[in-house]
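Working notes, beginning with the structure itself.
Residue numbers (UniProt numbering): 1 to 114.
Set out below in structure tokens:
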């Protein structure tokens with residue numbers, strides 16, 4: 001049996017085996033970095049199928065997998081064109097005319113008054 005000593009009361013409370021199992025079966029919070037953080041139960045997601053299973057299912061349903069790998073490109077022209085399109089999608093466009101940079105702070109020269 002689990003014995004609980006109360007600080008505010010001078011009584012001893014004993015718990016039955018069922019209550020003890022309920023309380024010790026899970027911890028509602030985890031201590032992380034000196035603070036208690038609630039632990040949320042996450043449902044496990046289904047793992048993605050391996051490539052061999054995907055190919056097998058695609059063959060059964062007479063469909064094709066549309067992802068393009070670099071090794072799937074046959075000629076050098078296709079490879080160059082593919083690299084250029086990917087690079088163009090990821091690069092930031094540069095302005096054709098660049099504006100001169102002006103300093104936004106005002107320069108105050110301290111001069112004596114007349």
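Glycine included, C-beta positions come from ideal geometry on N, C-alpha and C.
For residue 35, the pairing in a beta bridge is given by DSSP as 32. Counted as a single uninterrupted DSSP element, the stretch harbouring residue 98 is not any alpha helix (DSSP H), since DSSP gives it neither H nor E.
According to the DSSP assignment, residue 56 belongs to the alpha helix (DSSP H) that extends over 51–60. Cβ-Cβ distances below 7 Å link residue 85 to nothing in the same chain once the five nearest sequence neighbours on each side are left out.
It is roughly 11 Å from the alpha-carbon of residue 81 to the alpha-carbon of residue 88.
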